[in-house]
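Under the working numbering, the first residue of the sequence shown is numbered 1257, with each subsequent residue one higher.
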Amino acid sequence: MIRRPPRRAAATPVTDLALLLMLGLVLALAACGGATADGAVTASPPVDQPRQGGTLTLSFSSEPTSLDPAVADDEAARRVAHDIYQGLVQYAPEPGSAGTELVPCLATEVPSVENGGLSVDGRTLTFHLREGIRFQPPLSRELTADDVKYSLERMMRTRRAPAAPLFSAVVGADRFAEGRADEISGCEVVDERTLRIRLRRPDVSFLNALAMPCCAVQPREWVERWGGEVGRHPLGTGPFVLQKWTRGQEIVLTRNPDYWEAGMPYLDGVSYRVSLDPTDALLRLERGEVDVLGDGLPAAEIARVTADPQLGGLVRAQPDLAAVYLYMDVRTGPFRDAKVRRALSWAIDRDKLAGLQAGAAVPLWQFYPVGMPGHEEGGSCYGYDPKRARRLLAEAGYPDGFRAVLSTDDAGSDRRLWRSVQADLAAVGVRTRLRGLGEARDVAPRAKSGTPAAGSLRWRMDFPDPSDCVGPLFSKAGAVRDGTNPSFWWSRWLERMYTRAQATADPAARLTMYVEMQDRLARQAPYVACLQPVHTTMCSRSTGGFYLHPVYRTDPARYWKK
């Protein structure tokens, strides 16, 4: 196992900005109750008890393209849809790592071998629906297993839904998606409140797929009534109902009078102010016109706000389930040699990169981000050691380094980020030419010519399970042009271990496998883990119960107005 060495003393000068950020973090932690082991800032217990009533106002710079869960894939749409729709399972309404645990939602239990919901061979899942759950007005009828089957099949037919590839594990799903069958044979309605799903192969992460927003349940008659306009007329089983949507201005939700969870939500309604510039939204929050910054604090304002004694206590921060990687195309030049790839992993100063992000990211020392099961504090990772990098390059036969192409997003802060990486690599002899992503779409010619090729990759996980990192980024299937594995590195050992892990129902045994996979990936080093984005936002003084969820970010059903 590779372990990160101690941080070197005074390697990066401590600037006034850094001091402000440190002070701000201390203030935020003191006000919010401290930080968990996984890096999440937790909220202190409220002084007053939850209270009913009031409307919460959230801001967004963008506007949902659609509120049809089967096709909505932008951030604003996912956040609003979370208030309206629900699926069979969801993530626990908790901050930090506790919020990555799957819990029942419309189903009475998360299927397991112990409760009889998961067959011993891991291929059959049985879901029992809660009694008394009703769709929102004006429909107000009871939810049935037919609704769940219809919604999952509709999601598969759209092909745009992010869960569609994962759902191909269901027996008959591919035939249905291709139009060769009228239904998904492996999705069976047993009775009004029971649904059975049969998989072609065991896949533990399939439950994570069911928790994705696109697997939310909709009533057939409502979808058929509105047709292509259903995205403007959402209706589900969630805590809030759409009241009005004024394009370019506001989305207003009101409390669902038929909501099944006792005492919830606390609020009478939620107002999403859309098309608001984040800086303007911050000014409105300070004036009391906005309660929560949906997009988060602008990076340029984080230091000022966290250092302000009047505002710092309102700040919350949560590491995103996302990562910024530098990939190396292992088909090209020196990058064929794992020793060279390890050299680049030691060459990059992640602390400096994080400093350039002004509080919007933290250093990432291993492939799995903080908050992801399998992430090990101080585990298999690389630190900053340019001497070791130069030594490895010399051992690989490149004592004088080499030239390479580095394809990056060349906008704003990313330009500064990758110029810093370029300087770090030059310091150990690897001289790179930066190319914008628009210049570097065609990977094949670079591979054919042997020109060493590397590039930037921002990866946001669809769900908090290491399979959503290993599966796409290191698979043979993803190692194709425009695929999910731009490094083109894969191994038969990893493919076998990944398949075993996906079929292993024992959480501890499965986690051990993913930790072992990360150790192997660290030795092969096809990617350099650089940064983990951090979502930093703030709420108004009149907002109670506010916390950041690791998956959903905001959770208005659990907030209240003081």
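A virtual CB, placed ideally from N, CA and C, is assigned to each residue, including glycine.
How is residue i classed by DSSP in three states: helix, strand or coil?
i, result
"Ile-1453", "strand"
"Thr-1847", "Because the chain in this structure spans residues 1257 to 1818, residue 1847 falls outside the shown range and cannot be described."
"Arg-1779", "helix"
"Pro-1575", "strand"
"Leu-1885", "The shown model of the chain, from 1257 to 1818, leaves out residue 1885, and the question about it has no answer."
"His-1338", "helix"
"Tyr-1815", "coil"
"Trp-1746", "coil"
"Tyr-1803", "coil"
"Leu-1662", "strand"
"Glu-1370", "coil"
"Thr-1321", "coil"
What do you get for residue i, buried or exposed, if any count of 16 or more other CB atoms within 10 angstroms of its CB means buried?
i, result
"Ala-1813", "buried"
"Val-1446", "exposed"
"Asn-1371", "exposed"
"Thr-1271", "Only weak support is given to the placement of Thr-1271: the predicted model assigns it a pLDDT of 34, under 50, and the question is left unresolved by the model."
"Arg-1672", "exposed"
"Ala-1472", "buried"
"Val-1736", "exposed"
"Gly-1639", "buried"
Which value, in whole angstroms, describes the spacing of the CA atoms of residue i and residue j?
i, j, result
"Leu-1551", "Ser-1317", "The sequence as given places Asp at residue 1551; Leu does not occur at that position. Distance between the alpha carbons of Asp-1551 and Ser-1317: 7 Å."
"Gln-1206", "Gly-1615", "With the chain represented from 1257 up to 1818, any question about residue 1206 goes unanswered, as that position is not in the structure."
"Leu-1649", "Ala-1660", "14 Å"
"Val-1530", "Gly-1388", "34 Å"
"Glu-1350", "Gln-1392", "25 Å"
"Ile-1440", "Thr-1450", "16 Å"
"Glu-1633", "Arg-1776", "17 Å"
"Pro-1782", "Asn-1741", "10 Å"
"Lys-1817", "Arg-1540", "17 Å"
"Val-1596", "Arg-1646", "9 Å"
"Asp-1593", "Asp-1377", "40 Å"
"Gly-1525", "Gln-1305", "19 Å"
"Pro-1513", "Met-1753", "48 Å"
"Phe-1623", "Asp-1670", "20 Å"
"Gly-1627", "Asp-1721", "10 Å"
"Thr-1414", "Lys-1405", "15 Å"
"Gly-1739", "Pro-1728", "9 Å"
"Ser-1747", "Arg-1456", "23 Å"
"Phe-1719", "Met-1412", "18 Å"
With a threshold of 7 Å on Cβ separation, who are the neighbours of residue i within its own chain once the five nearest residues in sequence on each side are excluded?
i, result
"Val-1784", "Tyr-1581, Leu-1582, Leu-1600, Ser-1601, Ile-1604"
What does a CB cutoff of less than 6 Å around residue i pick up in its chain, not counting 5 residues either side in sequence?
i, result
"Leu-1279", "Bear in mind that the predicted position of Leu-1279 carries a pLDDT of just 34, short of 50, making it too unreliable to give a figure here."
"Pro-1789", "Asp-1576, Ala-1578, Ala-1617"
"Val-1548", "Leu-1314, Cys-1795"
Going by beta carbon distance, what residues of the same chain come within less than 8 Å of residue i, once the five residues before and after it are set aside?
i, result
"Ala-1363", "Leu-1344, Val-1345, Phe-1383, His-1384, Leu-1385, Arg-1386"
"Leu-1567", "Glu-1542, Val-1561, Met-1794"
"Asp-1656", "Gly-1685"
"Gly-1692", "Ser-1663, Thr-1664, Asp-1665, Asp-1666"
Considering residue i, what are the terminal residues of the beta strand (DSSP E) in which it resides?
i, result
"Leu-1358", "1358 to 1360"
"Gly-1692", "1686 to 1692"
"Leu-1381", "1380 to 1384"
"Val-1726", "Note, Val-1726: premise wrong, no beta strand (DSSP E); alpha helix (DSSP H) at 1723 to 1729."
Along the chain, where does the alpha helix (DSSP H) containing residue i start, and where does it finish?
i, result
"Arg-1481", "1476 to 1482"
"Phe-1462", "1462 to 1466"
"Thr-1562", "1558 to 1563"
"Val-1596", "1594 to 1603"
"Tyr-1406", "1401 to 1414"
Beta-carbon of residue i versus every beta-carbon of chain B: anything under 8 Å?
i, result
"Leu-1408", "The structure shown contains no chain B; it holds only a single protein chain."
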